[in-house]
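Colleague: There's a structure below that I have some questions on.
Chains as they are written, first to last, in full-length UniProt numbering: chain A, 1 to 474; chain B, 1 to 278.
In structure tokens, the structure reads:
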């Protein structure tokens with residue numbers, strides 16, 4: 001492994017205040033009951049800021065502000081709404097270095113990912129949906145599609161600003177107004193986005209940001225004056241939200257968990273496949289709902305592939321998220337680290353063989369070395385449950401039929417990968433995989449024009465592309 | 001539904017009556033429970049929880065092959081249903097279905113028959129992503145759909161046809177049992193494979209909760225549920241396995257243009273990426 005000198009990105013480009021209020025009706029204010037929580041840098045456990053907890057009264061105010069703003073926002077000509085979104089996209093591009101550093105500080109993800117993946121995709125998402133705002137009649141949802149009203153949006157901590165973009169951009173383009181709750185452990189980039197909205201002179205109330213934990217989110221999605229609920233997060237919480245919304249007539253889209261199979265046939269280009277496997281499970285510390293967390297290897301390829309994968313894993317650099325050479329950053333929270341550790345220990349105790357490269361980890365902060373388990377069976381919990389960390393379960397298969405059967409043997413259906421040089425096999429396998437996104441000879445690629453979302457218990461509705469408009473149109 | 005022209009039984013020849021049974025897996029079994037109920041003078045099978053589960057098994061077993069048939073083939077099958085319904089129109093008018101409703105039901109089968117090989121082009125296509133990738137989205141059937149159907153013939157056709165045209169299979173809880181089972185006879189004499197449509201007569205309030213919570217049902221269409229509280233309860237039960245739920249806010253006008261939603265609500269979008277390069 002090459003030795004690199006430390007190459008830290010400067011954090012002086014971002015100015016984090018010591019405390020943040022809620023963004024309601026175009027301005028920041030403290031929560032009504034004065035409750036706050038701390039958000040920390042998971043790489044150092046240093047407190048970054050105190051953030052207000054939105055209580056019921058605060059959420060009521062935010063929903064009321066969004067309701068008031070809805071009339072004039074939805075009545076704006078689409079071309080004018082588009083220009084606000086184009087402005088937002090431009091401001092995000094202009095401030096992308098600042099926002100990337102902020103995201104890495106609050107989330108723990110490597111600066112290379114926040115700089116090269118998250119922020120470019122955030123800006124692109126706003127650009128993409130900006131262009132739809134005045135073309136909705138051509139989107140295939142009838143000649144005069146109408147917005148739904150106030151959208152309640154609850155997003156996860158793994159891609160904080162990108163998930164915000166996936167939610168806010170299509171909602172605004174279609175003429176809805178939003179109340180968005182970022183995750184408790186990563187509220188900062190959403191609060192900076194509020195400042196982006198201010199710079200763009202977005203009318204007050206069109207975007208409202210309420211911070212807090214699960215209680216705030218539960219109150220928001222149950223709010224009687226909300227017309228639409230959009231949630232990205234765990235399948236368990238998704239089920240609860242579906243129950244809450246039942247019988248209300250609110251529209252609902254859910255983007256939930258996954259346990260994606262990454263299928264490698266014995267004719268696959270091995271070096272590319274190894275890169276794809278590494279990207280599939282170790283990108284973003286494995287905090288990815290569509291992570292390729294089950295590797296299905298054709299039996300004849302097992303040994304050379306695993307040898308090659310281990311060699312590659314030994315070169316992964318785990319550490320300071322702000323270092324430009326870091327491949328794997330910090331686990332987002334102590335709670336998530338505990339879950340990853342627990343499931344990994346269960347994996348070992350159920351009989352799978354655990355392996356990690358030699359990997360010094362920092363003393364402070366939340367860290368987990370990249371890990372693979374071999375000898376995993378379909379009955380093992382690490383083959384069935386979403387770990388949401390840098391942990392790969394390896395299974396084998398002999399025939400394409402067996403690969404497909406094993407890949408589909410899960411209640412989830414978000415994504416899958418296929419590696420083979422044979423085109424007809426790619427198409428046949430892709431046809432039979434019950435998953436919303438299939439990456440063939442690639443993995444973890446995202447684009448605003450490409451619909452994303454799951455089958456089965458991975459949720460319903462699509463985000464991205466023309467399909468993503470439907471969730472916000474009557 | 002009142003019958004307008006029941007055949008008069010004379011002393012010279014006793015009419016052979018029809019036994020109204022369930023339609024599961026292409027066969028017409030009695031309810032495993034042995035129960036019947038009287039509907040408009042006929043003893044009709046009263047479907048049980050076990051019948052509903054058997055119907056799900058039949059629907060699941062039929063689903064891969066039906067979805068794997070070519071769209072052209074499914075379109076021909078649906079068109080054949082229209083032909084059979086047209087041929088049997090007198091049976092429906094004898095049951096009291098207005099002639100113009102039978103016409104509309106036939107026409108609806110024809111309309112959906114034509115969609116089979118067009119919906120993928122309208123609902124999917126190539127996505128222009130910012131990179132050297134081939135990227136395409138295509139709709140796929142969501143799987144097994146449980147349907148609480150409206151009583152009318154046109155309503156029944158309007159919930160079944162959009163579900164099956166794209167490759168889903170169905171378990172349909174019907175009101176208006178004579179009309180429903182007569183439609184089953186149409187389906188059985190068309191080329192619809194057994195198990196693609198399963199029809200259960202009886203009380204949907206009794207059977208629907210089992211389908212709403214069933215682990216192997218992918219979607220729930222509540223169009224025929226006329227009690228809001230029951231609809232909400234079924235929707236809540238469906239949340240356990242995150243079923244797709246169709247829940248019209250007001251009772252739909254089945255004579256209107258259905259649009260795409262009855263089909264797209266029961267479709268998944270699959271997006272496939274592949275790199276481009278030499």
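Virtual Cβ for every residue (Gly too), placed ideally from N, Cα, C. Computed from a predicted model, the values in this text were never measured in an experiment.
(1) Which of the three DSSP states is assigned to residue 124 of chain A in this structure?
(2) For residue 298 of chain A, report the span of its beta strand (DSSP E) as first-last.
(3) Taking the Cβ atom as the reference point for each residue, do residue 85 of chain A and residue 129 of chain A lie within a distance shorter than 8 Å?
(4) Please list, in chain order, the residues of the segment 452-465 of chain A that have any C-beta partner in chain B closer than 9 Å.
(5) What residue range does the beta strand (DSSP E) around residue 452 of chain A cover?
(6) Drop a sphere of 10 angstroms on the beta-carbon of residue 159 of chain A, count the other beta-carbons inside from all chains shown, and report buried for 16 or more, exposed for fewer.
(7) Please return the same chain residues whose Cβ sits closer than 8 Å to the Cβ of residue 378 of chain A, not counting the five positions on each side in sequence.
(8) Give the straight-line distance between the Cα atoms of residue 263 of chain B and residue 165 of chain B, rounded to the nearest whole angstrom.
(9) First and last residue of the alpha helix (DSSP H) that includes residue 177 of chain B?
(10) Cα separation between residue 278 of chain B and residue 417 of chain A?
(11) Jot down the residue ranges of each uninterrupted beta strand (DSSP E) in the segment 223-283 of chain A, minimum 3 residues, whole runs only, in chain order.
(12) So, with DSSP's three-state summary, where would you put residue 265 of chain B?
(13) Scan the segment 213-246 of chain A for residues whose Cβ lies nearer than 9 Å to a Cβ of chain E and list them as they occur along the chain.
(14) For residue 227 of chain B, count neighbouring Cβ atoms within 10 angstroms of its own Cβ and tell me buried if that reaches 16, exposed if not.
(15) So with Cβ pairs under 8 Å, would you call residue 124 of chain A a contact of chain B?
(16) May I have a chain-ordered list of the alpha helix (DSSP H) segments no shorter than 4 residues that lie completely inside the segment 205-253 of chain B?
(17) Closest to residue 93 of chain A by CA distance: which of A:126, A:65, A:64 is it?
(18) Count the other C-beta atoms from every protein chain shown that fall within 10 angstroms of the C-beta of residue 268 of chain B, then say buried if there are 16 or more, exposed otherwise.
(19) Establish whether the CB of residue 474 of chain A and some CB of chain B are separated by less than 8 Å.
(20) Tell me, which residues are paired with residue 173 of chain B by DSSP?
(21) Considering only the beta carbon of each residue, do residue 104 of chain B and residue 154 of chain B sit closer than 8 Å?
(22) Once the 5 residues before and after residue 467 of chain A are set aside, which same chain residues still bring their CB inside 6 Å of it?
(23) Report back the beta-carbon spacing between residue 197 of chain B and residue 170 of chain B to the nearest angstrom; my notes put them in contact at under 8 Å.
(24) Measuring straight from C-alpha to C-alpha, what distance separates residue 339 of chain A and residue 419 of chain A?
(25) Quick check on DSSP: helix, strand or coil for residue 412 of chain A?
(26) Comparing the C-beta of residue 437 of chain A with each C-beta of chain B, is any distance below 8 Å?
(27) How many Å lie between residue 53 of chain A and residue 45 of chain A at the Cα?
(28) Could you tell me whether the Cβ atoms of residue 234 of chain B and residue 55 of chain B are closer together than 8 Å?
(29) Residues in its own chain within less than 6 Å of residue 254 of chain B by CB, not counting five upstream and five downstream?
(30) In the segment 438-450 of chain A, which residues sit with their C-beta less than 7 Å from some C-beta in chain B, listed in chain order?
(31) If I measure Cβ to Cβ from residue 146 of chain A and keep anything under 6 Å in the same chain, skipping five residues before and after, which residues do I get?
(32) Under 8 Å by Cβ, that's how I've got residue 184 of chain A and residue 212 of chain A pegged, so tell me the actual separation to the nearest angstrom.
(33) Compare the C-alpha of residue 412 of chain A against each of A:66, A:290, A:422 and name the closest.
(34) Under 8 Å: do the segment 113-127 of chain B and the segment 73-88 of chain B share three or more Cβ pairs, one atom per stretch?
(35) Using the C-alpha atoms, what's the distance from residue 148 of chain A back to residue 83 of chain B?
(36) For the putative contact between residue 153 of chain A and residue 135 of chain A, defined by C-beta atoms under 8 Å, what is the C-beta separation to the nearest angstrom?
Modeller: For this structure:
(1) Within the first chain, residue 124 of chain A is the residue found at index 124, counting from 1. In this structure, residue 124 of chain A counts as helix in the three-state DSSP scheme.
(2) In the first chain, the residue the question calls residue 298 of chain A occupies position 298. Element bounds for residue 298 of chain A: 294-298.
(3) The residue labelled residue 85 of chain A in the question sits at position 85 within the first chain. The residue labelled residue 129 of chain A in the question sits at position 129 within the first chain. Contact flag set, yes.
(4) 452, 453, 454, 455, 456, 457, 458, 459, 460, 462, 464, 465
(5) Numbered from 1 along the first chain, position 452 holds the residue referred to as residue 452 of chain A. That residue, residue 452 of chain A, is in no beta strand (DSSP E); it is neither H nor E in DSSP.
(6) Taking the first residue of the first chain as position 1, residue 159 of chain A is located at position 159. Classification of residue 159 of chain A: buried, given that the 10 Å Cβ count is 16 or more.
(7) Stepping through the first chain from its first residue, residue 378 of chain A is reached at position 378. So the list reads 384, 395, 406, 409, once near-sequence residues are dropped.
(8) Counting from one through the second chain, the residue named residue 263 of chain B turns up at place 263. Counting from one through the second chain, the residue named residue 165 of chain B turns up at place 165. Between residue 263 of chain B and residue 165 of chain B, the C-alpha separation is close to 8 Å.
(9) For the purposes of this step, residue 177 of chain B is taken as residue 177 along the second chain, with counting starting at 1. Residues 177-189.
(10) Here residue 278 of chain B corresponds to residue number 278 of the second chain, with the count starting at 1. Here residue 417 of chain A corresponds to residue number 417 of the first chain, with the count starting at 1. Taking the straight line from one Cα to the other gives about 21 Å.
(11) 228-232, 251-255, 261-264
(12) Mapped onto the second chain, residue 265 of chain B falls at position 265. Residue state, collapsed to three classes: coil.
(13) Going by chain labels, chain E is absent from the structure shown, which instead holds the protein chains A and B.
(14) If you number the second chain from 1, residue 227 of chain B lands on position 227. Exposed: under 16 other Cβ atoms inside 10 Å.
(15) The residue you call residue 124 of chain A lines up with position 124 of the first chain. Answer yes: the Cβ-Cβ gap between residue 124 of chain A and chain B drops below 8 Å somewhere.
(16) 228-238
(17) In the first chain, residue 93 of chain A corresponds to position 93, counting from 1. It is A:126 whose Cα lies nearest to the Cα of residue 93 of chain A.
(18) Within the second chain, the letter at position 268 stands for residue 268 of chain B. Residue 268 of chain B should be labelled buried.
(19) Locating residue 474 of chain A in the first chain gives position 474, where the first residue counts as 1. Residue 474 of chain A does not count as touching chain B.
(20) Reading the second chain from its first residue, position 173 is the one you call residue 173 of chain B. DSSP lists B:148, B:200 as partners of residue 173 of chain B.
(21) Taking the second chain and counting its residues from 1, one reaches residue 104 of chain B at position 104. Taking the second chain and counting its residues from 1, one reaches residue 154 of chain B at position 154. Against a cut-off of 8 Å, the Cβ pair of residue 154 of chain B and residue 104 of chain B comes out as a contact.
(22) Mapped onto the first chain, residue 467 of chain A falls at position 467. Excluding sequence neighbours, residue 467 of chain A sits near 451.
(23) For the purposes of this step, residue 197 of chain B is identified with residue 197 of the second chain, where counting begins at 1. For the purposes of this step, residue 170 of chain B is identified with residue 170 of the second chain, where counting begins at 1. Between residue 170 of chain B and residue 197 of chain B the Cβ distance is about 5 Å, and since that is below 8 Å, they are a contact.
(24) The count along the first chain starts at 1 and reaches residue 339 of chain A at position 339. The count along the first chain starts at 1 and reaches residue 419 of chain A at position 419. Distance between the alpha carbons of residue 339 of chain A and residue 419 of chain A: 30 Å.
(25) In the first chain, counting from the first residue as 1, residue 412 of chain A sits at position 412. In this structure, residue 412 of chain A counts as coil in the three-state DSSP scheme.
(26) Against the first chain, residue 437 of chain A aligns to sequence position 437. It does; some Cβ of chain B falls within 8 Å.
(27) Residue numbering aside, residue 53 of chain A sits at position 53 when the first chain is read from its first letter. Residue numbering aside, residue 45 of chain A sits at position 45 when the first chain is read from its first letter. If you take the alpha carbons of residue 53 of chain A and residue 45 of chain A, they lie about 20 Å apart.
(28) Your numbering for residue 234 of chain B matches position 234 in the second chain. Your numbering for residue 55 of chain B matches position 55 in the second chain. Not in contact: residue 234 of chain B and residue 55 of chain B (Cβ atoms no closer than 8 Å).
(29) Position 254 of the second chain holds residue 254 of chain B. Result list for residue 254 of chain B: 154, 155, 158, in chain order.
(30) 438, 439, 440, 441, 442, 445, 447, 449, 450
(31) Reading the first chain from its first residue, position 146 is the one you call residue 146 of chain A. Within the same chain, residue 146 of chain A has close Cβ partners 474.
(32) The residue you call residue 184 of chain A lines up with position 184 of the first chain. The residue you call residue 212 of chain A lines up with position 212 of the first chain. So it is a contact: roughly 7 Å between Cβ atoms.
(33) Here residue 412 of chain A refers to the residue found at position 412 when the first chain is read from its first residue. For the residues A:66, A:290, A:422, the minimum Cα distance to residue 412 of chain A belongs to A:290.
(34) yes
(35) Here residue 83 of chain B refers to the residue found at position 83 when the second chain is read from its first residue. Here residue 148 of chain A refers to the residue found at position 148 when the first chain is read from its first residue. Their Cα atoms are separated by approximately 41 Å.
(36) Counting from 1 along the first chain, the entry for residue 153 of chain A is found at position 153. Counting from 1 along the first chain, the entry for residue 135 of chain A is found at position 135. Contact doesn't hold; Cβ gap of about 23 Å is too wide.
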